[in-house]
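In numbering that gives the first Met the number 0, the protein residues as written are 0 to 459.
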Amino acid sequence: MQIFKIGFLLNRNNYRTSPVNSNYNNKPTDNYNLLKQPVGDTVTFSGKIPSIVTPTMEDLINRTKAVDILRYNVLRLAKYDLPCPVCGRLMLDVDKFNEFENKVLSTTNPDEILNFIGELKKYLHPIEKKMYSIFREERYFHPDWSLYDILKYNLPSSEKKIVQTQSKIFGEIGILSRDLPPDTRKEVQNLINETFTRIFDTRETSRFSRRIFINKIKDIFIPEGVRQNLEEVFKNEYLKDKPNSKGAKTFEDIRAFIEEKMEYTISNWIYTPEQDKIIEKAVELPIARNNIDAFIVKYAKRDYKGANPDQKIALRMLSNSLATVEHIKPQFRKGATEPKNLAVECAADNNGRGSEHIIEQISENPSMLFNYPKYMGRLCKIHGMGKVEKSYITQQNKTFRDESFGILNADLSGLRQTKKKKLNKFKSDDLGITPTKNERRAARKLKLKIKSAKRKNNKI
Ligand SMILES: [Zn+2]
């Protein structure tokens with residue numbers, strides 16, 4: 000029972016689920032304001048988090064406070080223009096986001112809202128930046144249109160473009176599926192037919208989800224017998240782990256546990272080259288995060304439930320850039336909430352990762368190989384400014400290195416040599432995201448490394 004309580008307490012202040020998934024109601028709470036008081040100018044991590052072996056209620060409260068302060072300290076690093084270790088884009092710190100939110104919620108005037116977004120332009124991710132120019136341009140020609148009107152005006156053409164792109168990709172998956180064994184091929188083709196019917200039906204209101212589609216495909220690739228075996232294994236694991244706790248052992252609890260375990264196993268499964276090709280193709284399906292038409296379709300069709308759509312759209316424009324606390328080793332894999340396991344990452348990448356192993360995250364974001372050293376380089380600079388402890392940086396790098404089997408490992412010699420030489424290597428003004436030819440070549444090599452690391456990981 001205690002374990003569930005702790006989970007609840009920790010999740011209450013979990014920034015990673017706050018502004019992106021919720022309806023943007025992450026107003027600064029009293030708790031949040033309190034957190035600002037006990038910390039000095041330099042981020043230190045000396046505060047101990049109480050052990051939770053046999054916790055009393057007081058222990059739990061203390062622990063929650065300590066975790067909050069720790070999270071807040073980690074997030075504060077984003078104040079110093081820190082690039083995301085995954086996508087390399089500048090992260091927006093929580094205070095700036097809250098200030099922005101307050102301003103946006105105080106007006107319904109589209110020009111004012113656009114001005115507030117404009118003030119934070121350097122934090123916009125590429126799709127949001129494009130969207131911002133579209134809004135500006137359309138407002139110039141149609142001064143009476145709201146941002147929502149602009150999205151709705153663009154909806155028909157964007158929807159056509161999206162369906163075109165989707166059908167092209169589904170067609171290619173269909174062709175790739177010809178290399179699969181007959182029964183798997185049939186299942187993949189059935190899934191494609193089903194999805195085709197859905198996206199061509201204009202009456203269809205439920206949105207297509209790339210994540211669900213990919214999960215369905217992966218699901219097909221796990222042999223039926225293996226799946227049943229695993230379910231049995233996870234069920235026993237659950238019953239062994241949490242014996243005799245009255246009331247907690249409901250059917251739903253077991254189901255949720257098995258599903259979470261299953262999802263994790265599926266994301267770490269080693270697929271055959273033919274299956275891999277299909278999954279990679281499915282990853283090309285457009286989503287709001289990387290395709291302007293998908294963005295327009297998603298937010299033009301969204302039900303805003305009586306809220307002001309323009310305000311919601313404005314918050315969405317910046318919520319992806321928000322700095323969040325990332326567990327390098329995911330909590331789901333028993334990664335601890337302690338300084339050496341906590342990194343700063345943009346909300347978009349944090350949400351995209353879920354509870355994936357870091358190896359999986361690198362394989363989906365090969366640019367991490369170049370962005371991670373930039374992130375670490377910037378942390379070294381922040382240390383040079385006297386704003387963060389050295390041990391936090393070295394320990395964090397160690398966690399990244401261990402978790403990624405040595406694939407991510409930054410050169411921290413700059414920490415010892417006072418400033419200059421080594422640090423210049425990581426110029427933060429180059430937050431470029433378009434990979435060069437060399438970077439792409441390195442990324443291909445990386446893929447092979449990842450495969451072997453995955454194998455090691457599966458053995459553990
Ligand atoms: Zn990012």
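For each residue, glycine too, the CB sits at the ideal point set by N, CA and C.
Between Asn72, Arg301 and Leu190, which lies nearest to Tyr147 when the distance is taken from Cα to Cα? Arg301
Selected residue, minimal CA-CA separation from Asp80, among Ala322, Ala409 and Glu402: Ala322
One or two residues paired with Val232 in a DSSP bridge: None; Val232 has no bridge partner.
Alpha-carbon to alpha-carbon, Pro181 and Arg315: 44 Å
Asp58 versus Val66 - alpha carbon distance: 12 Å
Candidates Ser157, Ala409 and Pro272, of which the one nearest Pro372 by Cα: Ala409
What residues sit near ligand 1, counting only those whose C-beta is closer than 5 Å to one of its heavy atoms, in chain order? Cys83, Val85, Cys86, Cys345 and Asp348
Given a threshold of 16 other Cβ atoms within 10 Å of its Cβ, counted over all protein chains shown, does Thr196 qualify as buried or as exposed? exposed
Helix, strand or coil: which one does DSSP assign to Glu388? coil
Closest Cα partner of Pro222 within the set Thr264, Ser208 and Ile198: Thr264
Is it buried or exposed, Val232, if we count other Cβ atoms within 10 angstroms and call 16 or more buried? exposed
Whole beta strand (DSSP E) runs in the stretch 310–382 with 3 or more residues, listed along the chain? 322–326 and 341–345
Could you compute how far the alpha carbon of Met375 sits from the alpha carbon of Phe404? 17 Å
Chain-order list of residues whose beta-carbon lies under 6 Å from that of Ala77 (same chain, five-residue window excluded): Met90, Asp92, Ala322 and Val343
6 Å CB neighbourhood of Asp292 in its chain, flanking five on each side removed: Ser157, Lys160 and Ile161
Reduced DSSP secondary structure (H/G/I, E/B, other) of Asn32: Per-residue confidence for Asn32 stands at a pLDDT of 46, beneath the threshold of 50, marking its modelled position as unreliable; the derived number appears in the next sentence. It is helical.
Is the stretch 114–122 touching the stretch 94–105, taking contact as three or more C-beta pairs under 8 Å? yes
Which partner residues does Leu91 have in the DSSP bridge list? Leu321
Ignore the nearest five residues each way along the sequence and tell me which others in Arg400's own chain have a CB closer than 7 Å to its CB. Leu407 and Asn408
Between the CA atoms of Phe250 and Lys239 - distance to the nearest angstrom: 15 Å
Given a cut-off of 8 Å, decide if Asp309 and Ser145 are closer than it, judged by their beta-carbon atoms. yes
Any chance the CB of Glu344 is under 7 Å from a heavy atom of ligand 2? In the structure shown, ligand 2 is absent; the only ligands present are ligand 1.
Am I right that Leu368 and Thr393 are in contact with their C-beta atoms under 8 Å? What's the rounded C-beta distance? About 20 Å; that fails the 8 Å criterion.
Just reading off the alpha helix (DSSP H) that Phe134 is part of, what are its end residues? Pro125 to Phe140
Pro82 - DSSP class collapsed to helix/strand/coil: strand
Taking DSSP as the reference, what is the three-state secondary structure of Ala287? coil
My parser needs the alpha helix (DSSP H) runs of 4 or more residues fully inside the stretch 153–201; what are they? 181–199
Count the other CB atoms within 10 Å of the CB of Phe207; is the residue buried (16 or more) or exposed (fewer)? buried
Since I believe Ile286 is in contact with Arg209 (beta carbons under 8 Å), could you give me their beta-carbon distance rounded to a whole number of angstroms? 5 Å
Take Ser266 as the anchor and find which of Phe294, Asp252, Ile216 and Ile295 has the nearest alpha-carbon. Ile216
Can you tell me whether Phe115 is buried or exposed? The criterion is at least 16 other CB atoms within 10 Å of its CB, across all chains shown. buried
Three-state secondary structure (DSSP) at Lys444? helix
Selection from Ile277, Ser451, Phe294 and Lys450 that minimises the alpha carbon distance to Leu175: Ile277
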